[in-house]
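To keep things clear, I will list the structure first and then write my remarks on it.
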Amino acid sequence: MCPRPLGRATTRHYALLDTNEPLDDPELALIHSVISDADARLACLDDEISTLEEKLQQLEEEHASLSHHRTRKKAILSPLSRMPSEVLGEIFMLTLPSVMADLGPKDYLVGSPWVLPHISSRWRATSLSTPSLWSRIALNYSQ
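So the number in our numbering is just where the residue sits in the sequence shown, counting from 1, plus 72.
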């Protein structure tokens, strides 16, 4: 904890800010003491602020790390991860366009089923073990 400044400015000192009156030696010594005390307190406060900023940085890093790990652990509880592969395969089938002619040129590259094996190892295994997903493959000859 930083010490409080011992010297106190008086009303006269504030009045001196608006004038050019000379100071006598005791007032001059008191003003130097007030300034010295303020400098010491400011240095101490700067140190405390720096320490608190470092602590804040550590807490923010810990918070971010814990939040990331928590999110990953919550993903384990996702209903999708507990869904049977057969149901997941049926959902994959529903992602296919009903008519292949509806696909645009870029849809052939990014459209289902091509993207499914790249999501996760489970989706790869499920999509590759669902033959009906691959029974209609559209090829774009215009490129």
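Glycine included, C-beta positions come from ideal geometry on N, C-alpha and C.
Under three-state DSSP, which class holds residue i?
i	result
Arg144	helix
Met73	coil
Arg216	This structure leaves residue 216 out entirely; the chain is present only between 73 and 215.
Val159	helix
Pro203	helix
Pro151	helix
Thr83	helix
Leu166	helix
Pro185	coil
Is it buried or exposed for residue i, if we count other Cβ within 10 angstroms and need 16 for buried?
i	result
Pro169	exposed
Pro94	exposed
Leu188	buried
Thr202	buried
Straight-line CA distance for residue i to residue j?
i	j	result
Asp109	Pro75	9 Å
Arg196	Lys145	22 Å
Asp111	Ala101	15 Å
Ser150	Thr143	11 Å
Leu166	Arg154	19 Å
Glu99	Leu131	47 Å
Trp186	Leu152	20 Å
Glu120	His135	22 Å
Gln129	Ser137	12 Å
Cys116	Lys127	17 Å
Arg194	Glu133	32 Å
Ile107	Leu88	15 Å
Considering only their Cβ atoms, is the gap separating residue j from residue i smaller than 7 Å?
i	j	result
Ser157	Thr123	no
Phe164	Leu200	no
Just to confirm, does residue i get its C-beta within under 6 Å of one of the non-hydrogen atoms of the ligand FMN?
i	result
Gln129	This structure simply doesn't include the ligand FMN, nor any ligand for that matter.
Taking only beta-carbon positions, decide if residue i is within less than 7 Å of chain D.
i	result
Arg154	The question asks about chain D, but that chain is absent: this structure has only one protein chain.
*Mind pulling the beta strand (DSSP E) runs of 3 or more residues that sit fully within the segment 86-145?*
The qualifying runs do not exist here; there are none.
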